[in-house]
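**Q** Start counting at 1 in the sequence shown, then tack on 1, and there's your number in my numbering.
Encoded as structure tokens, here's the structure I'll be asking about.
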Amino acid sequence: MAQIISIILLLLTLVIFSREYYFFIRKNTKKKRTVLHLVVGYTAFFLLPVFLPPIANFAPTSLFRMLAVGLLDIHVFIYFPTLTTILWFLRVKPQYWPLPKRNDQRRTMRWYLILLSLYMASSGLSPQYVDLTHEQVHSVRPYTKKILNHLDSECLITWYRSAHLSETPQFRTISHLLSSYERENPKWCTLIVRDPNTQKSPEFPEQIGLLPLNSDSYSGILIEYRGKYHLLPSTIDYFLLEYELTKALESLILYQGNRTNPVQMLVLGNPNGYEYLQIVLEHAGFSLIPPINPEIALDPKIPLILVGSEYCSEGTLAAIKTFILQGGAAVFFVSGISIDTMETWSALPKTDDPILTLLESRGIGISPQLLLDEQNYRIDMPAVEGDAVQSVSYPYWIRVTNSGFLSKHVVFSGVSSLQFYWPSPIFHDVSKTIMPLIQTTNCTELANPPFFTHPLRDKAKFLISTKGRYPLSVFLEKPSRILVIADEYCVSNLIDLSASYDNLLFFINCVEWISGNEALTSIKRTPQRVLPFLHDYHSSR
Numbered sequence: 002m003a004q005i006i007s008i009i010l011l012l013l014t015l016v017i018f019s020r021e022y023y024f025f026i027r028k029n030t031k032k033k034r035t036v037l038h039l040v041v042g043y044t045a046f047f048l049l050p051v052f053l054p055p056i057a058n059f060a061p062t063s064l065f066r067m068l069a070v071g072l073l074d075i076h077v078f079i080y081f082p083t084l085t086t087i088l089w090f091l092r093v094k095p096q097y098w099p100l101p102k103r104n105d106q107r108r109t110m111r112w113y114l115i116l117l118s119l120y121m122a123s124s125g126l127s128p129q130y131v132d133l134t135h136e137q138v139h140s141v142r143p144y145t146k147k148i149l150n151h152l153d154s155e156c157l158i159t160w161y162r163s164a165h166l167s168e169t170p171q172f173r174t175i176s177h178l179l180s181s182y183e184r185e186n187p188k189w190c191t192l193i194v195r196d197p198n199t200q201k202s203p204e205f206p207e208q209i210g211l212l213p214l215n216s217d218s219y220s221g222i223l224i225e226y227r228g229k230y231h232l233l234p235s236t237i238d239y240f241l242l243e244y245e246l247t248k249a250l251e252s253l254i255l256y257q258g259n260r261t262n263p264v265q266m267l268v269l270g271n272p273n274g275y276e277y278l279q280i281v282l283e284h285a286g287f288s289l290i291p292p293i294n295p296e297i298a299l300d301p302k303i304p305l306i307l308v309g310s311e312y313c314s315e316g317t318l319a320a321i322k323t324f325i326l327q328g329g330a331a332v333f334f335v336s337g338i339s340i341d342t343m344e345t346w347s348a349l350p351k352t353d354d355p356i357l358t359l360l361e362s363r364g365i366g367i368s369p370q371l372l373l374d375e376q377n378y379r380i381d382m383p384a385v386e387g388d389a390v391q392s393v394s395y396p397y398w399i400r401v402t403n404s405g406f407l408s409k410h411v412v413f414s415g416v417s418s419l420q421f422y423w424p425s426p427i428f429h430d431v432s433k434t435i436m437p438l439i440q441t442t443n444c445t446e447l448a449n450p451p452f453f454t455h456p457l458r459d460k461a462k463f464l465i466s467t468k469g470r471y472p473l474s475v476f477l478e479k480p481s482r483i484l485v486i487a488d489e490y491c492v493s494n495l496i497d498l499s500a501s502y503d504n505l506l507f508f509i510n511c512v513e514w515i516s517g518n519e520a521l522t523s524i525k526r527t528p529q530r531v532l533p534f535l536h537d538y539h540s541s542r
């Protein structure tokens with residue numbers, strides 16, 4: 002709403018300015034020169050700034066583009082209202098104009114010089130941006146400000162960016178964010194922008210570790226503080242940039258670059274298909290500590306990630322029980338159904354499953370049923386006849402958007418939607434402090450065994466007719482943080498089939514939450530919709 006109001010005000014200002022300029026020229030120039038001055042003046046005000054980098058932001062097109070993404074530079078925005086006021090004053094109060102009325106040429110020349118001076122003076126001012134977006138997506142978050150306030154020595158942020166990227170909307174937004182770091186602590190934080198393509202050695206970008214965006218384009222950030230450094234080799238994702246920067250600064254400032262976030266992980270289902278988890282954990286700054294002997298004990302001081310349940314021995318089950326009783330924090334990715342993901346996609350209900358029994362004793366039951374939802378993924382596969390490819394709606398793969406996120410919980414930071422694969426419904430004890438976290442739409446149905454999960458099979462006759470919403474995840478915070486997601490396949494390599502990489506972001510958010518790092522997690526930004534009639538600067542994401 003603030004963006005729309007600002008654009009309307011800008012349009013009105015430009016119209017009023019054009020009117021005042023027209024009447025000013027008519028009054029203060031000879032008739033035969035009026036058209037010439039109007040053409041020159043409108044060109045100078047509306048078109049010339051586009052071709053002059055020092056004042057490019059004064060062009061109306063730049064103003065509209067900034068407002069479209071929710072940014073407003075106060076100095077630039079008040080420029081045209083200021084000119085309008087001056088024109089009105091000179092038109093209504095001509096006695097204050099220092100030159101005689103007949104001296105038309107000198108009068109107009111001095112007017113243009115005044116405008117040029119205003120241009121130059123305004124362009125020399127530091128930008129003062131106002132964030133117009135509802136969730137303040139262009140402003141650094143409070144936790145970032147807190148980290149920057151801990152600086153007690155010079156922190157140098159060097160952005161190695163190819164020059165031809167500087168005027169693209171996406172990289173302008175990154176520039177605004179990086180500048181806000183410097184503005185928050187100008188005493189100790191310094192931002193430098195360098196073009197790696199202009200260095201003497203053509204191998205320079207690779208020597209410092211930058212990764213090319215394409216053959217000759219680079220965008221990477223080097224942070225230096227007290228003899229330590231951290232490199233972000235490739236920076237194109239604005240939505241996670243503040244998270245990555247603040248995480249690096251937190252490590253350098255508070256932990257001298259030696260921070261370790263230990264976590265334990267047990268994969269008790271099919272061990273194949275979870276190769277991504279270790280990679281994303283290490284990228285997020287976690288140290289994966291393999292349990293010395295999970296059949297004997299798990300360290301309750303180290304958060305636990307548990308994926309699957311089929312291959313849980315009695316000793317491991319006892320260790321998990323003790324871990325929870327001792328106040329250990331854990332996240333469970335466990336299904337009520339076993340799926341043959343490698344070949345036939347056949348599904349069987351789990352029976353006498355030790356992990357499911359353990360969760361049920363804690364008031365969290367995962368039903369051995371399957372959910373089907375109209376909001377699902379469509380699979381491209383060969384048609385029954387011929388060589389054509391058909392798109393098949395597969396209701397067992399349920400997609401949950403933010404309407405299914407039941408609270409503004411920190412685990413949803415930066416997450417637009419989640420893709421679930423053969424999830425089961427969760428039933429929890431409402432008398433306990435267990436809260437639902439994710440639920441399906443109200444068009445969800447339950448399927449009982451036997452399950453027919455082939456994409457081309459008719460599933461209707463195996464459904465329970467009643468439609469409704471079903472929880473897919475629950476959590477509790479006391480006596481320890483426990484989070485349960487009723488789908489062990491949503492963090493597997495199946496995400497490649499549906500390009501659902503937000504699932505991995507959600508996975509890291511869950512681990513950060515049980516580790517007590519939710520302040521850092523909250524910095525992640527969810528992509529925002531900009532005004533549809535202007536350039537969508539998210540399109541290159």
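Here a beta-carbon is modelled for each residue, glycine too, at the ideal position from N, C-alpha and C.
Since this is a predicted model, take the numbers as computed values, not measurements.
(1) Between serine 235 and serine 220, which are expected to be in contact by the criterion C-beta below 8 Å, what is the C-beta distance as a whole number of angstroms?
(2) Quick check on methionine 1: buried or exposed, where buried means 16 or more other Cβ atoms within 10 Å of its Cβ?
(3) Taking contact to mean 3 or more Cβ pairs, one atom from each stretch, closer than 8 Å, check whether the stretch 431-449 and the stretch 397-408 are in contact.
(4) Could you check where the alpha helix (DSSP H) with tyrosine 277 kicks off and where it finishes?
(5) Can you tell me where the beta strand (DSSP E) holding glycine 221 begins and where it ends?
(6) Take threonine 261 and list the residues in its own chain whose beta-carbon comes closer than 7 Å to its own, dropping the five residues that flank it on each side.
(7) In chain order, what residues of the same chain have a beta carbon less than 7 Å from the beta carbon of tryptophan 89, not counting five sequence neighbours either side?
(8) Verify whether the separation of the beta carbon atoms of valine 512 and tyrosine 275 is less than 9 Å.
(9) Consult DSSP for threonine 85 and reduce its assignment to one of helix, strand or coil.
(10) Suppose contacts are defined by Cβ-Cβ distances below 9 Å. Is cysteine 313 in contact with glutamate 225 by that definition?
(11) When the Cα atoms are used, what is the spatial distance from glycine 329 to tyrosine 144?
(12) Since glutamine 265 is in the beta strand (DSSP E), which residue starts that stretch and which ends it?
(13) I'd like the list of long-range same chain contacts for proline 456, defined as Cβ closer than 7 Å, with 5 residues on each side in sequence excluded.
(14) In the DSSP assignment, what residue or residues form a beta bridge with glutamine 420?
(15) Can a CB atom of chain C be found closer than 9 Å to the CB of aspartate 497?
(16) Taking alanine 487 as the reference, which of Glu361, Leu498 and Thr454 has the closest Cα?
(17) Kindly provide the ranges of any alpha helix (DSSP H) runs that are 4 or more residues long and lie completely inside the stretch 304-369, ordered along the chain.
(18) Would you report the Cα separation of leucine 241 and leucine 505, rounded to the nearest angstrom?
(19) In chain order, what residues of the same chain have a beta carbon less than 6 Å from the beta carbon of valine 332, not counting five sequence neighbours either side?
(20) Tell me whether alanine 164 sits in a helix, a strand or coil according to DSSP, three-state version.
(21) Among residues of its own chain, excluding the 5 on either side of glutamine 546, which ones have a beta-carbon nearer than 8 Å to its beta-carbon?
(22) State yes or no: is the C-beta of leucine 178 within less than 9 Å of the C-beta of histidine 139?
(23) In whole angstroms, what separates the C-alpha of alanine 320 from that of isoleucine 365?
(24) Would you say isoleucine 222 and leucine 212 are within 9 Å of each other, going by their C-beta atoms?
(25) With alanine 298 as the anchor, note down where its alpha helix (DSSP H) starts and where it stops.
(26) Around the Cβ of glutamine 420, are there at least 16 other Cβ atoms within 10 angstroms (buried) or fewer (exposed)?
(27) Comparing alpha-carbon positions, which option in Ala520, Ile496 and Gly42 lies nearest tyrosine 277?
(28) Starting from histidine 177, trace the beta strand (DSSP E) in both directions and tell me its first and last residue.
(29) Are there 16 or more other CB atoms within 10 angstroms of the CB of leucine 271, so buried, or fewer, so exposed?
(30) Going by alpha carbons, who is nearest to isoleucine 509 out of Tyr244, Thr159 and Thr342?
(31) Could you tell me whether the Cβ atoms of arginine 162 and proline 197 are closer together than 9 Å?
(32) Return the residue from the list Phe428, Trp423, Leu447 and Arg470 that minimises the CA-CA distance to tyrosine 490.
(33) Using beta-carbon positions only, say whether isoleucine 356 and serine 425 come within less than 9 Å of one another.
(34) In the DSSP assignment, the beta strand (DSSP E) including glutamine 208 goes from what residue to what residue?
(35) Work out the CA separation of alanine 348 and serine 339 for me, nearest whole Å.
(36) Just how far apart, CA to CA, sit leucine 318 and methionine 436?
**A** Concretely, from the data shown:
(1) On the sequence shown, residue 235 is found 234 positions in, with the first residue counted as 1. On the sequence shown, residue 220 is found 219 positions in, with the first residue counted as 1. The C-beta separation of serine 235 from serine 220 comes to about 7 Å, placing the pair in contact by the 8 Å criterion.
(2) Nothing can be reported for residue 1, as the shown portion of the chain is limited to 2 through 542.
(3) Three or more beta-carbon pairs separated by less than 8 Å link the stretch 431-449 to the stretch 397-408, which places the two stretches in contact.
(4) Walking along the sequence shown from the start, residue 277 turns up at place 276. Start and end: 276-284.
(5) The sequence position of residue 221 within the sequence shown is 220, counting from 1. Glycine 221 -> beta strand (DSSP E) spans 220-226.
(6) Walking along the sequence shown from the start, residue 261 turns up at place 260. These residues qualify, in order along the chain: Ser288.
(7) Here the question's residue 89 lines up with position 88 in the sequence shown. For tryptophan 89, same chain residues with a beta-carbon under 7 Å away, outside a window of 5 residues either side, are Glu21 in chain order.
(8) Within the sequence shown, numbered from 1, the residue matching residue 512 stands at position 511. Within the sequence shown, numbered from 1, the residue matching residue 275 stands at position 274. No, the pair does not count as a contact, with Cβ atoms beyond the cut-off.
(9) Numbered from its first residue, the sequence shown carries residue 85 at position 84. Threonine 85 falls in the helix class under three-state DSSP.
(10) The count along the sequence shown starts at 1 and reaches residue 313 at position 312. The count along the sequence shown starts at 1 and reaches residue 225 at position 224. Result no, Cβ atoms of cysteine 313 and glutamate 225 do not sit closer than 9 Å.
(11) Locating residue 329 in the sequence shown gives position 328, where the first residue counts as 1. Locating residue 144 in the sequence shown gives position 143, where the first residue counts as 1. Taking the straight line joining both Cα atoms gives about 26 Å.
(12) Against the sequence shown, residue 265 aligns to sequence position 264. Looking at the DSSP string, the run of the beta strand (DSSP E) that includes glutamine 265 is 262-268.
(13) One-based indexing of the sequence shown puts residue 456 at position 455. Excluding sequence neighbours, proline 456 sits near Ile380, Met382, Val393 and Tyr395.
(14) Counting from one through the sequence shown, the residue named residue 420 turns up at place 419. Note: glutamine 420 sits in a beta bridge opposite Arg400.
(15) In the displayed structure, chain C is absent; only one protein chain is listed.
(16) Here residue 487 corresponds to residue number 486 of the sequence shown, with the count starting at 1. Among Glu361, Leu498 and Thr454, the Cα nearest to that of alanine 487 is on Glu361.
(17) Counting only runs of at least 4 residues, the stretch 304-369 fully encloses the following alpha helix (DSSP H) elements, listed from N- to C-terminal order: 315-326 and 355-362.
(18) Counted from its first residue, the sequence shown places residue 241 at position 240. Counted from its first residue, the sequence shown places residue 505 at position 504. Rounded to the nearest whole angstrom, the C-alpha separation of leucine 241 and leucine 505 is 13 Å.
(19) Mapped onto the sequence shown, residue 332 falls at position 331. For valine 332, where only same-chain residues beyond five positions count, the Cβ hits under 6 Å are Ile306, Leu484, Cys511 and Ile515.
(20) Here residue 164 corresponds to residue number 163 of the sequence shown, with the count starting at 1. It is helical.
(21) Examination of residue 546 is not possible in this model, given that the chain is present from 2 through 542 alone.
(22) Translated into the one-based positions of the sequence shown, residue 178 becomes position 177. Translated into the one-based positions of the sequence shown, residue 139 becomes position 138. The beta carbons of leucine 178 and histidine 139 sit closer together than 9 Å.
(23) Here residue 320 refers to the residue found at position 319 of the sequence shown. Here residue 365 refers to the residue found at position 364 of the sequence shown. Rounded to the nearest whole angstrom, the CA to CA distance from alanine 320 to isoleucine 365 is 19 Å.
(24) The residue labelled residue 222 in the question sits at position 221 within the sequence shown. The residue labelled residue 212 in the question sits at position 211 within the sequence shown. It is not a contact, given that the beta carbons lie outside the stated cut-off.
(25) Translated into the one-based positions of the sequence shown, residue 298 becomes position 297. For alanine 298, no alpha helix (DSSP H) segment is defined, and its DSSP state is neither H nor E.
(26) For the purposes of this step, residue 420 is taken as the residue at position 419 of the sequence shown. By the 10 Å Cβ count, glutamine 420 comes out buried.
(27) Your numbering for residue 277 matches position 276 in the sequence shown. Checked all of Ala520, Ile496 and Gly42; the closest Cα to tyrosine 277 is Ile496.
(28) Translated into positions along the sequence shown, residue 177 becomes position 176. Counted as a single uninterrupted DSSP element, the stretch harbouring histidine 177 is not any beta strand (DSSP E) but the alpha helix (DSSP H) occupying residues 170-185.
(29) In the sequence shown, counting from the first residue as 1, residue 271 sits at position 270. The amino acid at residue 271 is misidentified as leucine; the sequence shows asparagine. Per the 10 Å Cβ criterion, buried.
(30) Reading the sequence shown from its first residue, position 508 is the one you call residue 509. Just measuring C-alpha positions, the residue of Tyr244, Thr159 and Thr342 sitting nearest isoleucine 509 is Tyr244.
(31) Taking the sequence shown and counting its residues from 1, the one referred to as residue 162 is at position 161. Taking the sequence shown and counting its residues from 1, the one referred to as residue 197 is at position 196. Taking 9 Å as the Cβ cut-off, arginine 162 and proline 197 qualify as a contacting pair.
(32) Here residue 490 refers to the residue found at position 489 when the sequence shown is read from its first residue. For tyrosine 490, the closest C-alpha among the options Phe428, Trp423, Leu447 and Arg470 is that of Trp423.
(33) What you label residue 356 is simply residue 355 of the sequence shown in a count that begins at 1. What you label residue 425 is simply residue 424 of the sequence shown in a count that begins at 1. No, Cβ-Cβ distance for isoleucine 356 and serine 425 is not below 9 Å.
(34) Position 207 of the sequence shown, counted from the first residue, corresponds to residue 208. Per DSSP, glutamine 208 is not a residue of any beta strand (DSSP E); the alpha helix (DSSP H) it occupies stretches across 205-209.
(35) Residue mapping note: residue 339 aligns to position 338 of the sequence shown, counting from 1. Residue mapping note: residue 348 aligns to position 347 of the sequence shown, counting from 1. Computed Cα separation, rounded: 6 Å.
(36) Position 317 of the sequence shown, counted from the first residue, corresponds to residue 318. Position 435 of the sequence shown, counted from the first residue, corresponds to residue 436. So the alpha carbons of these two residues sit roughly 24 Å apart.
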